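A.B. asks: Dropping the structure in here first, questions after.
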Amino acid sequence: MLTKRHLLAATTAFLALGAAALAQDSRPAATTTAPAPAGTRFITVASTTSTVDSGLFNHLLPLFKAKTGIEVRVISQGTGQALDTGRRGDADVVFVHARGAEERFVAEGFGGPRRPVMYNDFVLIGPKSDPAGIKGSRDIAAALTAIQTKAAPFVSRGDRSGTHQAELALWQAARIDLAATRGTWYREIGQGMGAALNTAGGMNAYVLSDRATWLSFRNRADLDILVEGDRRLFNQYGIMLVNPQRHPHVKQADGQAFIDWIVGPEGQKAIADYKINGQQLFFANASDTGA
14 MLTKRHLLAA
24 TTAFLALGAA
34 ALAQDSRPAA
44 TTTAPAPAGT
54 RFITVASTTS
64 TVDSGLFNHL
74 LPLFKAKTGI
84 EVRVISQGTG
94 QALDTGRRGD
104 ADVVFVHARG
114 AEERFVAEGF
124 GGPRRPVMYN
134 DFVLIGPKSD
144 PAGIKGSRDI
154 AAALTAIQTK
164 AAPFVSRGDR
174 SGTHQAELAL
184 WQAARIDLAA
194 TRGTWYREIG
204 QGMGAALNTA
214 GGMNAYVLSD
224 RATWLSFRNR
234 ADLDILVEGD
244 RRLFNQYGIM
254 LVNPQRHPHV
264 KQADGQAFID
274 WIVGPEGQKA
284 IADYKINGQQ
294 LFFANASDTG
304 A
């Protein structure tokens, strides 16, 4: 597992590269929790798929409800879609992982302030047979270059998620022009992390994943972590209240209560306590104002 000391310096400028390359996506949101009964006190949080697929929210949200009485309804989406949900005022809080896109969301007046919450890292997953010969490398740009040179199958989420943005930035870091070089070896699926991992397993392909979703993923087929440890794989999460002045129906007090709890001592401890098979999935860092 990468540490913040090794990773943090490269985060902001690097992930911002991928955001600039993204196209607009109007696909509808996927709601992952059932509508609350009439009269229930609740907020809606638009969040990246990794917080749901990793099981983190199943761990956190009951603790928050027990503390405050507020139920959280989660819309699980790629980061780009979650931010669009916030722009439309269809959520009270946005909890995602693409700092450059988050900062634009705030600068455009759709919400804020942005608060850091936690971090982990991305890993490059691939078949154990490793046709590109990259296993054990700590240089993600060199690994992607080898994949492209050998036209080894690669699965991209292609969904404007934080992981997709990071992936595009990594290709740029490797100085690979996907528009000019992509072929049948590069497959965009327009779906979430679980679907991307399943597709990669079926194709014996490479795929970029956040570590938390990979650790919680059960259908691993012949896949394994092949590249990790590059500081460019740092993955920071942030949280923002949707602007109630732009969308008066936003539940400002309850949404802020959720933010205050998750960046406060109880929420940060709950994040640090969440583990799978003894492995910590996320590292709380709300106190790091530079994250």
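The opening position of the sequence shown corresponds to residue 14 in our numbering, with each subsequent residue numbered one higher.
For each residue, glycine too, the CB sits at the ideal point set by N, CA and C.
For clarity, every value in this text was computed on a predicted model and none was experimentally measured.
Assuming Q293 and A299 are in contact, meaning their beta carbons sit under 8 Å apart, how far apart are those beta carbons, in whole angstroms?
C.D. replies: 16 Å between Cβ atoms; not a contact.
A.B. asks: For the alpha helix (DSSP H) containing Y211, name the first residue and the last one.
C.D. replies: Sequence inspection shows Asn at residue 211; the Tyr mentioned does not correspond to that position. Segment M206 to M216, the alpha helix (DSSP H) holding N211.
A.B. asks: Since G113 contacts R170 with CB under 8 Å, what's their CB separation in whole angstroms?
C.D. replies: Incorrect: roughly 17 Å between the Cβ atoms, too far for contact.
A.B. asks: Are the beta-carbon atoms of F310 and V58 separated by less than 8 Å?
C.D. replies: Residue numbering for the chain in the displayed model covers 14 to 304; residue 310 lies beyond these limits and cannot be assessed.
A.B. asks: Could you work out which residue in S60, F70 and T62 is closest to Y287 when comparing CA atoms only?
C.D. replies: Residue F70 is the option with its Cα nearest to Y287.
A.B. asks: Under a three-way DSSP split, which group does T64 fall into?
C.D. replies: Residue state, collapsed to three classes: helix.
A.B. asks: Could you tell me which uninterrupted beta strand (DSSP E) segments, each at least 3 residues in length, are contained entirely in the stretch 79-104, listed from first to last along the chain?
C.D. replies: The qualifying runs are 84-90.
A.B. asks: Find out if the Cβ-Cβ distance for the pair W198, L191 is shorter than 8 Å.
C.D. replies: The answer is no: Cβ separation not under 8 Å.
A.B. asks: Would you kindly report the start and end of the unbroken alpha helix (DSSP H) that includes R170?
C.D. replies: Here R170 belongs to no alpha helix (DSSP H), and DSSP marks it neither H nor E.
A.B. asks: Around the C-beta of E115, are 16 or more other C-beta atoms found within 10 angstroms, so that it is buried, or is it exposed?
C.D. replies: Buried, because 16 or more other Cβ atoms sit within 10 Å of the Cβ of E115.
A.B. asks: Using only alpha-carbon positions, find the residue among V220, D273 and D172 that is nearest to I252.
C.D. replies: Of the listed residues, the one whose Cα sits closest to I252 is D273.
A.B. asks: Contact between the stretch 207-217 and the stretch 156-174: three or more CB pairs below 8 Å?
C.D. replies: Contact between the stretch 207-217 and the stretch 156-174 is present, because at least three Cβ pairs lie under 8 Å.
A.B. asks: I306 to L137, Cα distance in whole Å?
C.D. replies: No answer is possible for residue 306: it lies beyond the span of the chain, which begins at 14 and ends at 304.
A.B. asks: Here's the rule: buried if 16 or more other CB atoms are within 10 angstroms of the residue's CB, otherwise exposed. What is P278?
C.D. replies: By the 10 Å Cβ count, P278 comes out exposed.
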